[in-house]
Each structure stands twice: as structure tokens, then as C-alpha cells.
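Chemist: Here it is, the structure in full.
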Amino acid sequence: MSLKSNPKLELHLHLEGAAPPAFIRGLAKEKHIDISGIFDARGGYAYTDFWHFLKIYEAATSVLQSPMDFHRLTLAVLEESAANGVIYTEMFISPDFCGGRDLGAWREYLHAMTEAAEQAERDLGITMRGIVTAIRHFGPDKARETARCAAETAGRFITGFGMGGDEKICEPKDFAWSFDMAREAGLGITVHAGEWRGPEHIRDTLTALRPSRLGHGVRAIEDLALVDELAEQGIVLEVCPGSNIVLGLYPDWRAHPIGQLYDRGVKVTVSTDDPPFFHTSMAREWDRLADALEWDDGVFQTLNRTALDAAFCDADTRATLA
Ligand code: ADE
Ligand code: ZN
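Numbering (our numbering), first residue to last: 154 to 475.
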């Protein structure tokens with residue numbers, strides 16, 4: 154079965170993590186940067202585990218050095234998403250990689266990405282919104298600067314604030330100042346949690362940072378009382394099954410807990426995270442779920458409806474997507 158042409162909404166996609174290896178290789182060649190060590194024999198990204206993945210991710214990102222590079226990247230990623238039937242996508246973008254969190258530089262990078270998004274919306278019919286993202290292992294001080302960039306540029310395009318990176322570094326409360334600032338600026342809040350740490354950490358994240366959505370959140374399944382709390386509170390999970398399987402959280406699609414979470418009433422959505430790193434696409438995620446869980450069209454429509462309701466966009470945009 155192929156669900157490639159079905160319209161889809163994606164809430165969890167890292168812009169740099171979506172960069173095709175050929176795109177990164179091309180930029181490295183143009184700039185005479187040697188990053189050959191990050192690729193495997195077939196030209197894909199090579200890494201051994203999640204922490205190595207973060208290093209390779211940052212090495213690949215090091216060739217993205219100007220607003221024009223990010224303009225090109227944004228277009229390339231949106232083209233790929235649109236080819237997979239995606240009509241609405243929220244992308245994590247990081248001031249850390251766009252001028253080192255300097256507000257003036259960030260505005261220039263943002264302008265370039267916004268122009269690319271507008272072009273893609275006109276030409277390909279895909280709508281993009283940006284979630285400014287702190288990188289957890291860069292620490293709370295840099296997260297504050299990132300939150301400042303987010304708050305200063307909140308608007309029609311920048312609609313959310315989030316945090317990815319190494320979940321084992323620091324505690325949620327260490328980032329409360331940044332998340333409070335972003336919330337006060339009117340941004341939607343999502344946090345990666347429940348990928349590399351378990352239920353207690355999910356609880357601490359909900360208490361300290363008050364997100365409406367969690368990136369991953371799948372390890373809530375280890376505590377069914379927490380699963381029920383997530384369902385009751387309407388916390389939306391941005392589940393990325395292909396990412397979880399490649400990174401070794403679960404051995405295969407059948408063992409992935411998304412079906413159990415869905416059946417127990419949790420609001421789940423499906424995303425790709427960093428598609429070329431995990432050899433996936435939105436069409437592949439849907440196809441594998443249809444095969445492994447025997448999900449039918451009605452379930453996929455529910456996923457889309459949940460994503461639409463949880464999207465960090467204004468009412469007008471939501472209406473055009475409904
Ligand atoms: N950044 C990019 N992908 C990530 C993931 N799966 N977890 C945490 N941070 C990330
Ligand atoms: Zn992620």
C-alpha cells in the first residue's frame with residue numbers, strides 16, 4: 154500500500170536534520186570543507202548511536218553558513234515534503250546554527266527562510282511554520298538567548314518555541330525562564346521528552362515547562378497512569394516511529410507503542426524528525442503504520458485532525474487547511 158499522495162500534516166521536523174546528504178555534500182564542495190567522514194559508503198549519514206548522531210548532525214550543519222544556504226535548504230526540504238503529500242509542516246529552526254543566536258543575524262536568516270517558505274507555498278501548495286528551537290546540551294544560558302530570538306520574531310511565521318538535543322543534560326526547570334519568555338510572547342510550546350528519559354522526566358517537563366505538545370513522549374507507555382494523564386490533559390505527542398526504531402528505542406514497527414497510546418486515548422500525531430538520517434519520509438511512516446498496525450483511512454484522518462487542532466498557526470491558516 155502507498156499513501157504517498159494522501160494529504161498530510163507534519164508537526165515535528167528539524168530543518169537541518171532534513172538536509173539531504175547530497176545537498177550537504179554539494180555545499181561542502183562549494184566551500185572546500187572536508188566533511189567526508191560523516192558519510193557511509195553509500196553516501197548516507199553514518200553514525201553509531203543517538204549521541205554520535207548529534208555529533209554528525211552538527212558536523213553536517215557546519216556547512217550551512219549564510220542566509221542563502223538556509224534559503225536553499227528550506228526550499229529543498231519543502232520540495233521533498235510536498236512530494237510526500239505534506240500540505241502543512243512545522244519545522245524546528247535553530248538560531249544556534251543561524252548566526253550564533255545574534256538577533257540581527259537571526260533576522261536575516263529568518264527573512265531568507267520566510268521567503269523560501271512563501272515561494273514553496275505559492276509553487277507547491279505547502280504551508281510552513283517555524284518553531285524556534287533551543288538545543289538542550291548547549292545549556293540554559295544559550296537557551297535564554299535562543300528564547301530571546303524567538304520572542305523578538307514571534308509572528309505569522311515563527312509560531313512556536315521548542316527544545317531538542319540531549320535529553321539527559323540538565324533538568325526541565327533549568328529552562329523554565331526561556332519557556333516562560335516564549336509563552337509570554339504568544340508562542341506555542343513543545344519540548345522533546347520521553348525519548349531518552351522515562352515517565353518521571355515527562356512529568357517534570359510538563360510541570361516545569363507547561364508544553365501543549367511533547368516531542369516523542371513515547372516512553373510514557375512505561376507508566377500507564379501517566380498515559381491516562383496525558384489523555385485527560387489533551388497533551389499532544391509528536392511521535393516519530395521511524396526515528397525511534399532506527400535509534401534503537403524499539404526493535405521494529407510492531408513493537409512501537411504508538412498503537413497502544415492511540416488506543417488508550419492519547420492525542421498522537423506522526424512525523425519524521427530527521428528523514429534522511431532515519432531513511433524515512435512521511436509517506437513511508439504512514440505506509441509502515443498501515444502495514445504494522447492495520448490502521449485504515451479513518452485513523453490517518455484522525456491523525457491529521459489532531460495535528461490540525463494542535464498546530465501552532467493562526468485560525469485563518471487552520472481554516473484554509475481544514
Ligand atoms: N534533534 C534532532 N533530532 C533529534 C531527536 N530525535 N531527539 C533530540 N534532538 C534531536
Ligand atoms: Zn526531534
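All residues carry an ideal CB built from backbone N, CA and C; glycine is no exception.
Quantities reported herein were computed from a predicted structural model and do not represent experimental measurements.
PHE328 and ALA303: beta carbons closer than 8 Å?
Modeler: Cβ distance not < 8 Å, so PHE328 and ALA303 don't count as in contact.
Chemist: Taking only runs that begin and end inside the segment 281-326, name each unbroken beta strand (DSSP E) of 3 or more residues, in chain order.
Modeler: Counting only runs of 3 or more, we get 311-317.
Chemist: Assuming ARG372 contacts GLU348 under a Cβ cut-off of 8 Å, what Cβ separation, rounded to an integer in Å, is found between them?
Modeler: Confirmed, about 7 Å.
Chemist: Taking 7 Å as the cut-off, is the CB of GLY315 close to at least one heavy atom of the ligand ADE?
Modeler: Flag unset: Cβ of GLY315 not near the ligand ADE.
Chemist: Could you tell me the distance, in whole angstroms, from the CA atom of ASP449 to the CA atom of ASP440?
Modeler: Straight-line Cα distance between these residues: approximately 10 Å.
Chemist: Rounded C-beta distance between ILE246 and THR280? I'm assuming under 8 Å.
Modeler: The Cβ separation is near 15 Å, so there is no contact.
Chemist: Taking ILE209 as the reference, which of GLU183, SER234, ILE177 and ASP416 has the closest Cα?
Modeler: The shortest Cα separation from ILE209 among GLU183, SER234, ILE177 and ASP416 belongs to ILE177.
Chemist: Using the C-alpha atoms, what's the distance from ALA181 back to PRO220?
Modeler: Cα to Cα, the separation comes out at about 16 Å.
Chemist: Buried or exposed, going by whether 16 or more other CB atoms sit within 10 Å of the CB of ALA171?
Modeler: Buried, by the Cβ-count rule.
Chemist: With 16 as the cutoff for other CB atoms within 10 Å, does HIS409 come out buried or exposed?
Modeler: With 16 or more Cβ atoms within 10 Å of its Cβ, HIS409 is classed as buried.
Chemist: State yes or no: is the C-beta of TYR200 nearer than 7 Å to some heavy atom of the ligand HEM?
Modeler: With respect to the ligand HEM, the structure shown offers nothing to examine, as its ligands consist of the ligand ADE and the ligand ZN.
Chemist: So which of GLY179, VAL419 and PHE203 has the shortest CA-CA distance to ARG225?
Modeler: Nearest option by C-alpha distance: GLY179.
Chemist: Use the C-beta contact count for ASP469: other C-beta atoms within 10 angstroms, 16 or more gives buried, fewer gives exposed.
Modeler: Label assigned to ASP469: exposed.
Chemist: When burial is assigned at 16 or more other CB atoms within 10 Å of the CB, is HIS369 buried or exposed?
Modeler: Result: buried.
Chemist: Let me check understanding here. Comparing Cα to Cα, which of ASP202, ALA235 and HIS354 lies closest to GLU274?
Modeler: Checked all of ASP202, ALA235 and HIS354; the closest Cα to GLU274 is ALA235.
Chemist: What is the rounded straight-line gap between the Cα of ALA477 and the Cα of LEU414?
Modeler: Nothing in the structure corresponds to residue 477, since the chain is present only between 154 and 475.
Chemist: Closest to ARG458 by C-alpha separation, out of THR422, ASP427 and MET244, would be which residue?
Modeler: Among THR422, ASP427 and MET244, the Cα nearest to that of ARG458 is on THR422.
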